[in-house]
Every structure is written in structure tokens, then in C-alpha cells.
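Residue numbers (mature numbering (1 follows the signal peptide of the UniProt record, and there is no 0)): -32 to -1, 1 to 628. Built from N, CA and C at the ideal position, the CB exists for glycine as well. Below is one structure, written out as C-alpha cells; comments come after it.
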Amino acid sequence: MALAGRTAMRWARLRSPCPAAALLCLPPWLPAGPVACERLYSSRGKEKLDMSTYPVESIRNFSIIAHVDHGKSTLADRLLEITGTIAKTGRNKQVLDKLQVERERGITVKAQSASLFYSHEGVNYLLNLIDTPGHVDFSYEVSRSLSACQGVILVVDANEGVQAQTVANFYLAFEAQLAIIPVINKIDLKNADPERVEKQIEKLFDIPADECVRISAKQGTNIGKVLQKVIEKIPPPHCNTADPLKALVFDSTFDHYRGVIANIALFGGEIQKGHKIVSAHTKKRYEVNEVGILTPNEQPTHKLYAGQVGYLIAGMKEVTEAQIGDTLFFYKQPVEPLPGFKSAKPMVFAGMYPVDQTEYNNLKSALERLTLNDSSVTVHRDSSLALGAGWRLGFLGLLHMEVFNQRLEQEYNTSVILTAPTVPYKAILSSAKLIKEYGKAEITIISPAQFPDKLSVSEYLEPTVLGTIVTPHEYIGKIIALCQDRRAVQKDMLYIDEHRVMLKYFFPLNEIVVDFYDALKSLSSGYASFDYEDAGYQAADLIKMDILLNGNPVEELATIIHNDKAYATGKLLCERLKDAIPRQLFEIAIQAAIGKKIIARETLKAYRKNVVAKCYGGDITRRMKLLKRQAEGKKLMRKIGNVEVPRDAFIRVLKRQTDK
């Protein structure tokens, strides 16, 4: 019986006009043939939207900007709910924060966009929202997002008031000449003081208090007013569907099956499946496979028109093909490329090496894909005697470095070794030979191995930043002492209101990059906030400190530091190494040296056998003879013995925080 059934199925496959239908074993109530297949497959796909019903006049592109933890993502959730983009449930928390690292840390790392449909006074509007990060390390994401917008919602916490990153984000939007809607969030909190926050906004940003919208994103209070303000205050994009296609790539991700998915903002023309497009950056030609909008999941559309924001899939297989800031246009209809984005300036450099060198190619592939999604990271090839082949990566800050490392582990299942972070120094050369070798008089140093000798340099330069600290006034004394300890120079001090003060300082970057933020938070009981921006370079008394093991320098542990901090840092490194290196049969001298001068030393004692155990009584000369012979043996062993620092010892020594 079973054999007869199988034979019947084979005949059905052969006789069917559409073999796929037979293979799928269609139910008897569906007609056979190609139509049935088409119906089955189309039911699996999403229905395409018609975007032509939204002319340029009814489009609003805006971002939400704020300090960390002031409620940007919660406001985005409520906006998605009120416009019917997502179902209203109690589980809607951080809907746009899709990365695991974002949900674990409770912060936004990647700017995410979503299209909302909203009807106001009988007119249907298309609102393109971009939720942005709030931490200073991700300010590049914010500046990129603003390029695709005509206005912003500036969210301020009714309890904490204006913070350092609020000020920085306001000026980013102000310089981009965007419409700004101030929103005071968390008015439902017991200690909320919206009147005080309104006065702060008026004093700092010159925005009248009556323009502020008071909301509670958590409870959904006054969210409708925010949408009303967005429609009234933010202008529609300045573009025309009749113009030739001009699309800006402002973000991109990599999909294993579909290749590169580019997020685009259209500044002219229209685009649909089948169009032939060209990249202004690579000059390569592509055929569009799919276009659509994000709601916040991908929703295919028939076309995208000027002024709209969406995604595009065009068979880009290499991660290098979708450069962020690139302009796309029609084949044989070239246009003037859009200005793109100012490239991110790395503030912190660190070496990254695979734990096992056999994983090098896998890590290389993971790095390429992750840097496509996070274009602010710079990558240079590097190698180390102890750690093997790897890369020197540039980050915008320490949190950025930690998040990047966490994303590598979570999204690509790779484990890496990160060396101690350093900042980019500069040296002005005086040696004609070196100037000829480098081809310029001023060189950038991103690794201690590149540090030139003092005799061939007229001066060293270190990077500086202009730091903004907003703090309650009772912590001023402690914070000023902390800043002076970090070689900072005060520039300004302004009382925002009777309780809060804004301090501005010039800091050397290497003094704040490691643990300044943690120290500031602990001194101010968590109330102070900190933000910084690049302030160029200044002359500094820099030195290279080497770590020697029995007189041999260890290249990986060399550091560039200020002369004033050399002794303390050298002593700390020697103490850590003493704890990390396993004892040998010979004595190991661990030294910190500047040039030929030893500034700190620790001695790791040798294992030794008790050679006088067999001597009981007798002459003292017998004991001395045995001890002398042992000492000579240890001396010889020290000459020929090699000290190898184990890899896990490197990791323990290079850990940033002191364990003391």
C-alpha cells in the first residue's frame, strides 16, 4: 500500500505543470499549476505599500536627541504606539534598541529609524523618526542621523534638568540649522521640577519657556501634543520627485543571505525594483532588488519618493561597497554627490588580537562586517611578538571600545585580547634624516613602538579636549580638585540656576580617557554629567617608558606618558607584573625605565632548594661552600634563561583599573 502511494506521488510530480507544487504537496483544495505556486509564495511575502499617497509636503523627518537615560527610547515607543505602528502592550520597552548589548546595558548604541503614519486635521502625514544614542562616545551616530532630518525633539529630564550631553546635542542640531522642539519628560516623578528645567532651557538655549512640551513618556501623557508640534514646527524636506535620483546612504547593515542593506534618504527623484543605480564612491553599477520603509521592521514598498527615508537592497555582496555618506544615482544620469559626512576622529586606540592565531581570518571577516555597521571605528593592521598578528583600532571613547568588543563576542562569537588604550600623540621632527624618511615634519604616533627618540624631536604634542561638567553646586570643591589633579585648565564657570553649575575645562585627553568619568561619578554621588569635544593639540613633556625583564625590554608593555606621572605608573606596572609572572628557578628583575634610567624595580625571587638541609652541625665553611655553589648555578641560569610572559599575564597587567 505504501509503495503504491509513493508511485502515485512520483506520477503526480511528473504530470504537474508546476513541479514545485507537487514537491510542496499542495492540499487538494488548491488548483494545480503555476498560479497555485504564485499564490502560495505571495502569501508568505509582505504586501507592498504604495508610498505615492504621501507627497513631499506631508513628510516630516526628525530625530530624538537627549542626554543618557532622559527617556528617548521610551518616547519613541509611545510615538510608535500612538500612531498604530506597533500594538499597544505592556511589553513595549526599547522597541528600537535591537542589539543585545543595548538591552543588557539599557542604553542606545545605534541610531534606529522608523516610519510612522499619522492623520492630523484630515491630512495623512508620513513621519520618519530616528532614535539616537545619548552617550558622548556615540555622538557620531547623532551627527549622521541629523543629516537625514529637518528637525529634532530635544528631550530633557524634569528631575535632572539640562545635562552636559543635552548642551552638546543642542549645538549639533543648532549648527545644522534644524527646527528644535524642547520636551520635558518624566513629569510624573515625585521630585520633578519642570518650571526649573524650563528656566534652564530659556537661559542656556534662548528658547521661550512656553514652547516647552511637558510629557511623561512612561505613562503616555501629552504624547499627542508632541506629534502636533512635529507637524507644525518641522518643515517638509526641500526636494522634488521630478529631479534625477539622489539618495544618501546614512547607515548600513550586512545580511548573510541578502548582502548589504543600505538605509537611504532620498533628496531627489524616485526609486523602485529593477532600476539601475551607480555608487558615487565605488563607481560600481547595481540593479535594485528591493526598496521599502522601516516600521520598525522592514516593509517592502513599490517605490520610494523624494523626501522619504527607507532601505534598499541592490545585491552589494562586499561590506566595503556600501560606504556611509555615499550618494546613489541612476545609471547614465550622474548628479553632484552629496557632501556626505565628516569622518569620525578616533580618540582612543587599542590593539586587538585573536586569542588563538588560527581564528585570525574569522576575526578579520567579523571586523569587516561590524565596521560596516559602525563606521566610526578605524582599523590598521598590526603585529606583536607576544600576541601575534592583529589590528590597531581607533574608537571614539572607552565605552565605544567596550561596546564594540561586546558586539564582536555576541554577534560573531569571537573572543579577542584588547591591549591597554592609548591616545594619538604627535611629534615635530628636527632630524633631517627622519623628515626625509617620513616625508613630513609632523608625525602622528598611535603606538609606543613608533615613538621617536627625544634627540630627533623638537617637541611632542598631546591631544586636548574641551570638557563640560554639569554638577550640583555642593560638589564643586571636590570636582575642581579632581580636574587639577588631571592637569586640567579651567576655562569657564556658569551657574545654570541656584543649584546647578556648568564648568568648562581644557583636559589632556589621556588624563580622562581611562577612569575620569568613574571618578567624577563617585565624587558627585552620580549627579555630575560629563561631555567633551576635540580641542586640538598642545605641547607636552612626553616620554616613553619601557618595562624590562632581566634587562630585556617587553615591547607590548611600553607606554607613552607625561613625565610627571612616570614614577607612579612605572611602580604600579612593576607591582602588577610581579604578581602576574610565574616564579622561575632564577631571580627575575622587573624594571621600569626611561631611556637608560631605571625609575622603579621589583624582584621576583627564585625557587631554591634547601641545599644545607643535609648539614647537621659541623663547620660553617661547609654550609658556605654549598650556598656559594648554588648561587653560582643560579647566576649561570639567569644568563641563559629566557623569561616568557604568559598571555594571560599580559591581559592581567594591561587591565585598566588597578586591583589595589
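- DSSP, reduced to helix, strand and coil, places R253 within a strand of the structure shown.
- When rounded, the separation of the alpha-carbon atoms in D514 and G504 is 27 Å.
- By the CB criterion at 7 Å, I396 and E377 fall outside the cutoff.
- In the DSSP assignment, L47 falls within the alpha helix (DSSP H) that extends over 40 to 50.
- Counting along the chain, the unbroken beta strand (DSSP E) around D499 starts and ends at 497 to 508.
- Counting along the chain, no beta strand (DSSP E) covers Y225, and no H or E run does either.
- The beta carbons of A507 and L450 sit about 24 Å from each other, so the pair does not count as a contact at 8 Å.
- The beta strand (DSSP E) runs of length 3 or more contained entirely in the segment 434 to 492 are, from start to end of the chain, 457 to 463, 468 to 476.
- Between the alpha carbons of K408 and S399 lies a gap of roughly 11 Å.
- With the rule of 3 Cβ pairs closer than 8 Å, the segment 280 to 296 counts as touching the segment 225 to 244.
- A check of alpha carbon separations from I98 across A215, A233, S352 identifies A233 as the nearest.
- Proximity of the segment 266 to 275 to the segment 205 to 213 meets the contact definition, three or more beta-carbon pairs being nearer than 8 Å.
- Counting other Cβ atoms within 10 Å of its Cβ, D509 stays below 16 and is therefore classed as exposed.
- Annotation for M461: L471 place their beta carbon closer than 6 Å to its own, counting only its chain and skipping 5 residues before and after.
- Around the C-beta of E524, 16 or more other C-beta atoms lie within 10 Å, and the residue is accordingly described as buried.
- Within the same chain, Cβ atoms closer than 6 Å to the Cβ of T382 are found at L331, A334, L376, the five residues on either side in sequence being excluded.
- Counting along the chain, G407 sits inside no beta strand (DSSP E), nor does DSSP assign it H or E at all.
- The closest CA to that of S81, considering only G119, T21, Q196, G278, is found on G278.
- For P268, the enclosing beta strand (DSSP E) starts and ends at 266 to 268.
- With contacts defined as CB atoms closer than 7 Å, V256 and K241 qualify as a contacting pair.
- For Y321, there is no enclosing alpha helix (DSSP H); the enclosing beta strand (DSSP E) has its first and last residue at 316 to 322.
- Among the bridge pairs identified by DSSP, P431 is matched with Y505.
- Rounded to whole angstroms, the Cβ separation of T269 and T53 is 15 Å, and the two are not in contact under 8 Å.
- Secondary structure at G538: helix, using DSSP grouped into helix, strand and coil.
- By the Cβ neighbour-count rule, H441 is exposed, with fewer than 16 other Cβ atoms within 10 Å of its own.
- With fewer than 16 neighbouring CB atoms inside 10 Å of its own CB, C583 falls in the exposed class.
- The way I'd put it, the segment 18 to 31 doesn't touch the segment 126 to 135; fewer than three beta-carbon pairs between them come closer than 8 Å.
- Counting only the Cα atoms, V438 lies some 14 Å from I169.
- Counting every other CB atom within 10 Å of its CB across the protein chains shown gives M592 a total below 16, marking it as exposed.
- From the listed residues K193, T42, L361, D219, the smallest Cα separation to H88 is found for K193.
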